[in-house]
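For the protein sequence lines, the chains are A and B, in the order given. Numbered by this note's numbering, the letters in the first sequence go through residues 5 to 123 in order. Numbered by this note's numbering, the letters in the second sequence go through residues 5 to 123 in order. We put the beta carbon where it would ideally sit given N, CA and C, even for glycine.
There are 2 protein chains.
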Amino acid sequence: MKIQDIEMCDSEFVHTEAVGGIKEKMPAEESFYDLADLFKVFGDSTRIKILWALENAEMCVCDISAALAMTQSAISHQLRILKQANLVKNRRDGKAVYYSLSDSHVKLIIDQGLDHINE
Amino acid sequence: MKIQDIEMCDSEFVHTEAVGGIKEKMPAEESFYDLADLFKVFGDSTRIKILWALENAEMCVCDISAALAMTQSAISHQLRILKQANLVKNRRDGKAVYYSLSDSHVKLIIDQGLDHINE
DNA sequence: TGAACATTTGAACAACTGTTCATATATATA
DNA sequence: TATATATATGAACAGTTGTTCAAATGTTCA
Numbered sequence: 005m006k007i008q009d010i011e012m013c014d015s016e017f018v019h020t021e022a023v024g025g026i027k028e029k030m031p032a033e034e035s036f037y038d039l040a041d042l043f044k045v046f047g048d049s050t051r052i053k054i055l056w057a058l059e060n061a062e063m064c065v066c067d068i069s070a071a072l073a074m075t076q077s078a079i080s081h082q083l084r085i086l087k088q089a090n091l092v093k094n095r096r097d098g099k100a101v102y103y104s105l106s107d108s109h110v111k112l113i114i115d116q117g118l119d120h121i122n123e
Numbered sequence: 005m006k007i008q009d010i011e012m013c014d015s016e017f018v019h020t021e022a023v024g025g026i027k028e029k030m031p032a033e034e035s036f037y038d039l040a041d042l043f044k045v046f047g048d049s050t051r052i053k054i055l056w057a058l059e060n061a062e063m064c065v066c067d068i069s070a071a072l073a074m075t076q077s078a079i080s081h082q083l084r085i086l087k088q089a090n091l092v093k094n095r096r097d098g099k100a101v102y103y104s105l106s107d108s109h110v111k112l113i114i115d116q117g118l119d120h121i122n123e
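Structure (structure tokens):
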């Protein structure tokens, strides 16, 4: 859709000035997509559960699926998404692959979310 | 699916103990859903753009749609979702309805997300 | 090497989500 | 009241997402 097609409201000068200022300062389209994509990863209860479990201890796929009572395939698919988003890292030890949180942002973001909910 | 149906891995004692401990400490299922639902709201670029715009100034629906070059209907639908999640509040002034961020958590969560991306 | 175990992967399907279009509601003003 | 403007809402449609099932990959150990 073209910008010209957007219907404009007849707002006072103050509004149109504010709108213009925002348009200039607006970050690249890509930044918004990247940020939304990050939060999308947090937006699934299975993934939240996995992240919560990994806050306590490093675990292998099999342990996580036992702890959350879900199939190992479902967990593996979700771990892949978490890994792609750089929220978890992993290491292989023999047959098992151990996952852990990749940095402290993960816990901070979740805690901020909890703060907002418990208000 | 029943917990009994989950295939168990023959991990060492350490693992099963960790799994058991986590199961006991695990918050109510509902908490995970609530948290995921909150992040789901942040997981859309249109809504992120709206929140970003409102960080600068209170704006009416018409201004936001002009600033983001999107139809007023699409913006209104998204504002409804943001309102339900308590991320924005609004006030009516004549014909216009002005929206603003409802509390400081919004900015904090977004900033943590940006921190994670710019790493 | 072959058997057993842990994890990953791909295809398929149902469920969910965001935008559009048409229409309804609400407010101000002539 | 009638008209114009601002916002909200419902239905519909395409696109996306999470789980399941089946099969492949990788690792250990006899």
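Exposure label - residue i; buried when at least 16 CB within 10 Å
i        : result
A:His120 : buried
A:Lys6   : For A:Lys6, the pLDDT reaches just 38, beneath the cut-off of 50, and the residue's location in the model is therefore unreliable, leaving the point undetermined.
B:Gly47  : buried
B:Ala160 : Because chain B spans 5 through 123 in this model, residue 160 of chain B falls outside it and cannot be assessed.
Straight-line Cα distance separating residue j from residue i
i        : j        : result
A:Asn94  : A:Leu72  : 19 Å
B:Thr20  : A:Ile54  : 16 Å
A:His109 : B:Gln116 : 7 Å
B:Ile52  : B:Ala78  : 14 Å
B:Ala61  : A:Leu112 : 26 Å
B:Leu39  : A:Asp97  : 32 Å
A:Tyr102 : A:Ile114 : 22 Å
B:Met74  : B:Ser80  : 10 Å
A:Asp41  : A:Leu83  : 16 Å
B:Trp56  : A:Ile85  : 26 Å
B:Cys64  : B:Val45  : 20 Å
A:Ser104 : B:Met30  : 17 Å
B:Phe36  : B:Leu91  : 19 Å
B:Cys13  : A:Ser49  : 23 Å
B:Cys66  : B:Lys27  : 49 Å
B:Ala100 : A:Asn122 : 31 Å
B:Ala89  : B:Leu58  : 15 Å
B:Gln8   : B:Ala22  : Here B:Gln8 scores only 41 on pLDDT, less than 50, and its place in the model should not be relied on; the value that follows carries that caveat. B:Gln8 and B:Ala22: Cα-Cα distance of roughly 18 Å.
B:Gly201 : B:Asp107 : Coverage of chain B is limited to positions 5 through 123, which leaves residue 201 of chain B absent and any answer about it impossible.
B:Gln76  : B:Lys87  : 16 Å
B:Phe43  : B:Glu34  : 14 Å
B:Ile68  : A:Ile68  : 43 Å
A:Ala70  : B:Leu118 : 33 Å
Beta-bridge pairing of residue i - partner residues as DSSP gives them
i        : result
B:Asp97  : B:Ala100
A:Leu105 : A:Val92
A:Met63  : A:Tyr103
Within 9 Å of chain B by C-beta, residues of the segment 100–114 of chain A in sequence order: Ala100, Asp107, His109, Val110, Leu112, Ile113, Ile114
Under 9 Å (Cβ pairs) to chain B, residues found in the segment 44–57 of chain A: Lys44, Val45, Phe46, Gly47, Asp48, Ser49, Thr50, Arg51, Ile52, Lys53, Trp56, Ala57
Against chain A: residues of the segment 59–84 of chain B by CB proximity under 8 Å: Asn60, Ala61, Met63, Cys64, Cys66, Asp67, Ser69, Ala70, Ala71, Ala73, Met74, Thr75, Gln76
Contact set between the segment 83–98 of chain B and chain A, restricted to residues whose Cβ is under 9 Å from the partner: Ala89, Asn90, Leu91
Under 9 Å (Cβ pairs) to chain B, residues found in the segment 21–46 of chain A: Ala22, Val23, Gly24, Gly25, Ile26, Lys27, Lys29, Met30, Pro31, Glu33, Ser35, Phe36, Tyr37, Asp38, Leu39, Ala40, Asp41, Leu42, Phe43, Lys44, Val45, Phe46
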